[in-house]
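Chains as they are written, first to last, in my numbering: chain A, 2 to 688; chain B, 2 to 688.
Ideal Cβ positions, reconstructed from N, Cα and C, are used throughout, including at glycine.
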């Protein structure tokens, strides 16, 4: 063996190759192979884990698993992803319900503004409604182009960042993120209002009821997009059927000349208004009415954002759903507007009764149909909160993939849902609800602004896209989107000006804050990538010299013995170090050490000030000064007690040492745990 | 080299000896030696760390150090311990102040009980006072024997557990621990009362003032016992001097026949009492008066508990201090009692004015001496809280050394104080103060019970001791202590019966709870010792086979490369494992891996349910099933970002994996950190 000496470049640090060559074989599969158990199936060059192996053991684990299954259902494998997707029928219910539900109040919103100039101004209602449907048509057309161009979802954010640049994209993203949070908060509040008007005793618990509602939505969405669909299909289609029936019946009566008398609200608007309908003031009022009615356009972006959750062919299905949604909304909206005009229904100034209710009451009185219409409307408005739960996690996952949000948002949970985003949305919107103590109506303008900001950016982005691509027919596409951008931009400006006093100014504060947060996150990930990325894959994994191993030793016991054993097994250069507070104790320790573990060299440090961690840190410093390149590994013996409270009985010196070493370069800390049970094994073997 | 093959008993696991023999040398000091820096001095076979090396670096660390120095003073080395000790002068102030301060109210306490039988019953005052002084004499004598027999402190706990058994010892300890907490709470409340009667505006902030007071006491004590002495010597000696002067002046006037008229309190007791002073009732009343006056005996255990903090010769100094304390208390107590009798002072039924104040007022009126007496009394009563701060940490350290309390209580801080006990006492007594909202008078009986329980147990213990040792004169010693045990036991029973309704029953609940807590802690430490202790020191440190090293790999980057490098440096048996969620990603990873780190074998796990941690755990299970004895080391690559919030941007998979592996036997987890700055070093080297 002596002819080995001095051959290697550093004799005390034989390389891996050297060591394994000596052992006569290459390291690898041959001698470290897993036991083929029922947990794994071998498939080609890999192991596939079965669902059984994921089930926790022990009573607590099993109870947790049972609760998890009850709440969220069984785990879904990656292969189940296809079957989890939405068809047109469920897609309309899940992604279209927000927009369709707007038809219940869009007419009234426009009329309330016109009524400021007296009920005579209602002659402008039909033109405004037609204009809104026109804008919706433009939006639907442009969204269908978004679906074709960007089938991976992300909607306005993707369109804007792809065509206008990162910053406009992030502004659109921030606006939409805020929107989704507000959709949940506002719709939940609406749902709670509906519940508490049925059960007045619950009124003092409005916030709590809202939190329960959000929790139910969260669990429904964590169960996966399809199961959430089942929750929504009912109310959506009942609403469409009942309101459709009502409109058909109404039109039949109007056409047959059997127009019923208009039901009178508790506090109708008068014939004279406060604002004269002349000159610029008049034009502005009509524009404001248009802007208010445009609330009916909100929610129409959900389908373009959610294309990847549609069944194949995703683009076709999404487009069909989008068109069906647009037609459904327009039909109901125009139908209700026509009937309101024909019957001469005047909205209630005090907002006690909705226009919808007045209209239904005029036509059918307090019949079962009235209750079906009202009930399904209330339910649908509340469930519009779900749009937030489909939109937010998906947009967040797109942002996370682009490294603008934490990576956790891009992971799919056990039910294939973006669990992290769902939970985050529930938490944030619950916080908004608690913060506003359940009264969120003032947040609505904020929300409209977000929607139209995103629309404007996305339409502008599409204009740029057509001009760049110059594909056949790009002129009319660009023209259409330009018109769309102008119209939605105009609505945005009108809402901003009209609602400036009502909190819309918050947008100016919150959107920049969110955008800079997204940018900060991005900067971090990019820095990390710069730091970690390996430019060339054929750069070899660096060979590291065996580390110098230091074992801080407090006393001589089994835990220390195990730590020393481990240290000796990983490196030939092992040193123990003991901190003593007095000369006598240092001397005594040396004697016992030499007797017990004399093979391992021991350094003694006398610390007359009784501190433990700083002397060890200085010791490591001093060791490293000698050979700064060589890695240092600190091996700590730690006793793992039975239960958490027993931790408190041990001084946390090891913990403090670890914390101090965490940020130290070229230093690795290894905890060698000694379990209480180990000693039994040990003793079992000895006796 | 080929002749090496197959020689070792397990060729892939060369032992330390083998490896170092190959390297031609023994492991040890020779090639791993610390850089002799200014931080360490070499002294014999050890390094001594200087105080400079303990100073933190960086602006935050230096600011912290400056604040620490300002609050607690410079670190004290072990050698300074001697100079930190107390002489008789400071010892009396620190350890005797609680007892001496009792002389301010003991007379009044006894008189208030007697007054229930009318002021005629005051004739029994002098015999009762003499009896109390007699009991004190017995207590002082027995304490002086405790000092001789148990010079390491611990007082009643040590005496009782040494002579009566563990359980009586722990009962005494629990009683004393409670007492110390209550001493702090009660005295603080008294101090706050004194402050707020001067500054009534502070009254609504009583609790806050109390917390500030406790914080000051805590800091004073953390500065060390000597510096705390400086705080206390003033008030104690001013009180002794002023009250002594008053008594001398009073006696002079009584002897010269110039007896002043007694000052009349706002609400004096009348000549007729509610309780007739006849038969058993009368005897009981006198006994109760005696019990109430015995409050003057509280605090007398402090010196015997604190012997180790006295200067050498500790026993002599402690005994002298004890005797001086007894004489001082008795003189003042008897003097005040005599004057109260001679002048005919009647205590105030409404407790608005103290007897002490009435007496001083009768003799000297509202002169400066009056204010000095009153002021120093108030200050001394408040500072009696400090007895808790000297007693509790010391008793806790004795209990910790006996493994009945967490080991942290036995450590001495940088100023040689038992920092942990001081902080714990401050926290608990502050909690009591907050819980009682600053009104703690109802806790006083509880407190007296604790003191007399400890006294009784300790005196009984001494009786057993003398009977066992039978040293010369044991009969009279045993007789004396038997008398002491009977008297203190009687007082205990009287207080228990008399105060049962006032919360004394709590003792019955709290003491057993504390005792069982102490026993549980002891059980844990004993189990741990059983588990860890090495029976024979010549049992060799076990040689451990090189571990199987597993590296869970998420992606190929510098952090992973470093982890692989480390793993290869510590063992020839390294395996990487990657969890993929789909077949394609698994295949892609395999291709890149083979290209990049093909030397290290890779196992692929396909996890169609997207979970990461459970498949890794099952994988480790399966590996271990193959070779259950072989240790497994899991090496994790972790990126250490700049700031804490950046942590949130990384999924905590590694953390969850570590938590799951913590309680797994035969498994060691190593975190290989990759620091943001490392990449700069790296890039710096490359370019």
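Where residue i falls: helix, strand or coil (DSSP)
i	result
residue 30(B)	Legend: pLDDT at residue 30(B) = 34, less than 50; position of this residue unreliable, value from coordinates given subsequently. Coil.
residue 674(A)	strand
residue 683(B)	In this predicted model, residue 683(B) has a pLDDT of only 46, less than 50, meaning its place in the structure is not dependable enough to derive any value.
residue 24(B)	Residue confidence for residue 24(B) is low, a pLDDT of 38 falling below 50, so the modelled location carries little weight; the figure read from the coordinates is stated next. Three-state DSSP puts residue 24(B) in coil, outside helix and strand.
residue 668(B)	strand
residue 634(A)	strand
residue 11(B)	Confidence at residue 11(B) is low in this model, with a pLDDT of 38, below 50, so the placement of that residue is unreliable and no value is reported for it.
residue 405(B)	coil
residue 616(A)	helix
residue 349(A)	strand
residue 262(A)	coil
residue 269(B)	strand
residue 455(B)	helix
residue 235(A)	helix
residue 279(A)	coil
residue 163(A)	helix
residue 302(A)	coil
residue 472(B)	coil
Bridge partners - residue i, DSSP secondary structure assignment
i	result
residue 689(B)	Any property of residue 689(B) remains undetermined from this structure, which presents chain B solely from 2 to 688.
residue 639(B)	674(B)
residue 182(B)	Paired residues: none, contrary to the question.
residue 48(B)	606(A) and 43(B)
Integer-rounded CB distance, given that residue j should sit under 8 Å from residue i
i	j	result
residue 446(B)	residue 422(B)	Contact doesn't hold; Cβ gap of about 26 Å is too wide.
residue 89(B)	residue 325(B)	7 Å
residue 676(A)	residue 616(B)	Wrong, their Cβ atoms sit about 24 Å apart, outside the cutoff.
residue 174(B)	residue 400(B)	6 Å
residue 549(A)	residue 624(A)	7 Å
residue 100(B)	residue 300(B)	4 Å
residue 451(B)	residue 176(B)	4 Å
residue 211(B)	residue 190(B)	7 Å
residue 1(A)	residue 208(A)	Residue numbering for chain A in the displayed model covers 2 to 688; residue 1(A) lies beyond these limits and cannot be assessed.
For residue i, the nearest candidate out of the options (CA to CA)
i	options	result
residue 424(B)	390(B), 437(B) and 396(B)	390(B)
residue 216(A)	92(A), 567(A), 430(A) and 456(A)	430(A)
residue 76(B)	609(A), 620(A) and 408(A)	609(A)
residue 254(B)	306(B), 236(B) and 363(B)	363(B)
residue 377(A)	554(A), 283(A), 238(A) and 392(A)	238(A)
residue 485(B)	314(B), 140(B), 434(B) and 356(B)	140(B)
residue 418(B)	403(B), 398(B), 121(B) and 635(B)	398(B)
residue 412(A)	200(B), 334(B), 600(B) and 654(B)	654(B)
residue 106(A)	93(A), 57(A) and 375(A)	375(A)
residue 368(A)	514(A), 247(A) and 631(A)	247(A)
residue 170(B)	551(B), 520(B) and 607(B)	520(B)
9 Å Cβ cutoff, residue i in contact with chain C
i	result
residue 675(B)	Here the protein chains are A and B, and chain C is not one of them.
Segments assigned beta strand (DSSP E), at least 3 residues, entirely inside the stretch 548–611 of chain A: 549–553, 575–581 and 603–607
Quick one: which unbroken alpha helix (DSSP H) runs of 4-plus residues sit fully inside the stretch 77–142 of chain B? Chain order, please. 89–96, 98–103 and 107–115
Taking the runs of the alpha helix (DSSP H) that are 4 residues or longer, which of them lie wholly in the stretch 375–438 of chain B? 386–402 and 420–436
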